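Right under this line is the structure:
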């Protein structure tokens, strides 16, 4: 069973930037947002030539990439899907163009299928999904932050429930951090992984910490 991590946050909160220290020789980035990555020199390390960078927002193709990595690319240890919202938008636009129902064009089916599939991939693989966050006022009168979704089906599923680690990316006074424990949010990490509520914005260090946690 592959390790899974979900990073949520507002635009500019550092979701994509947190990927900067991943080893490009062991990482495949699937760019579903179809925009440049957010750190200097990324094109030298991630490109089609190196077979570690793909621009794709089609849910079925992304499942194919995940399966290919799991079965035929043992050198890849980390797969990034940036962002789930890009896949949702692609699915929505396809539905509008055809004006007809198709299993692979149903947003809930597409996103749930990808998240569910992660658990079937090889054990030494980590899959990181990023997504936009949304903050709403609850009936109790306080703000609650969760993954931004499109459609009631995904709200019922609660995408975060498919992940053991959910990191909330935040920018506080120019400092970029991850919230790792629920503080009016869906952030969560395995019991005892972190004592502090916020950690530096570096998902490579999170993966290392998770490996140490599992080994010991």
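Residue numbers (this note's numbering): 5 to 220.
Backbone N, C-alpha and C fix where the C-beta goes; we use that ideal spot for every residue, glycine too.
Please read all numbers here as calculations on a predicted model, not as lab measurements.
Reference residue i, options the options, closest by Cα
{"i": "residue 56", "options": "137, 124, 123 and 79", "result": "79"}
{"i": "residue 135", "options": "151, 188 and 124", "result": "151"}
{"i": "residue 177", "options": "17, 143 and 70", "result": "17"}
{"i": "residue 93", "options": "110, 165, 163 and 58", "result": "110"}
{"i": "residue 146", "options": "119, 188 and 163", "result": "188"}
{"i": "residue 219", "options": "197, 179 and 138", "result": "197"}
{"i": "residue 64", "options": "91, 168, 169 and 75", "result": "91"}
{"i": "residue 169", "options": "46, 213 and 71", "result": "213"}
{"i": "residue 54", "options": "67, 74 and 27", "result": "27"}
{"i": "residue 38", "options": "49, 59, 46 and 48", "result": "59"}
{"i": "residue 128", "options": "211, 50, 179 and 46", "result": "211"}
{"i": "residue 204", "options": "179, 50 and 193", "result": "179"}
Beta bridge counterpart(s) of residue i as assigned by DSSP
{"i": "residue 169", "result": "9"}
{"i": "residue 50", "result": "DSSP output for residue 50 lists no bridge partner at all."}
{"i": "residue 136", "result": "13"}
{"i": "residue 57", "result": "33"}
{"i": "residue 175", "result": "180"}
{"i": "residue 147", "result": "141"}
{"i": "residue 200", "result": "Paired residue(s): none; residue 200 is not in a bridge."}
{"i": "residue 86", "result": "35 and 134"}
{"i": "residue 189", "result": "149"}
Sub-9 Å separation of residue i and residue j beta-carbons
{"i": "residue 25", "j": "residue 209", "result": "yes"}
{"i": "residue 182", "j": "residue 191", "result": "yes"}
{"i": "residue 115", "j": "residue 153", "result": "yes"}
{"i": "residue 69", "j": "residue 125", "result": "no"}
{"i": "residue 87", "j": "residue 6", "result": "no"}
{"i": "residue 22", "j": "residue 171", "result": "yes"}
{"i": "residue 184", "j": "residue 130", "result": "no"}
{"i": "residue 9", "j": "residue 207", "result": "yes"}
{"i": "residue 85", "j": "residue 118", "result": "yes"}
{"i": "residue 71", "j": "residue 121", "result": "yes"}
{"i": "residue 173", "j": "residue 137", "result": "yes"}
{"i": "residue 34", "j": "residue 66", "result": "yes"}
Burial state of residue i (16 or more Cβ within 10 Å)
{"i": "residue 133", "result": "buried"}
{"i": "residue 61", "result": "buried"}
{"i": "residue 201", "result": "exposed"}
{"i": "residue 20", "result": "buried"}
{"i": "residue 30", "result": "exposed"}
{"i": "residue 13", "result": "buried"}
{"i": "residue 89", "result": "buried"}
{"i": "residue 52", "result": "exposed"}
{"i": "residue 74", "result": "buried"}
{"i": "residue 107", "result": "Here the model assigns residue 107 a pLDDT of 49, short of 50, so the residue's position is not dependable, and the following value carries that caveat. Exposed: under 16 other Cβ atoms inside 10 Å."}
{"i": "residue 142", "result": "exposed"}
{"i": "residue 4", "result": "No answer is possible for residue 4: it lies beyond the span of the chain, which begins at 5 and ends at 220."}
{"i": "residue 139", "result": "exposed"}
CB contact below 9 Å: residue i versus chain B
{"i": "residue 170", "result": "This model lacks chain B altogether; it includes just one protein chain."}
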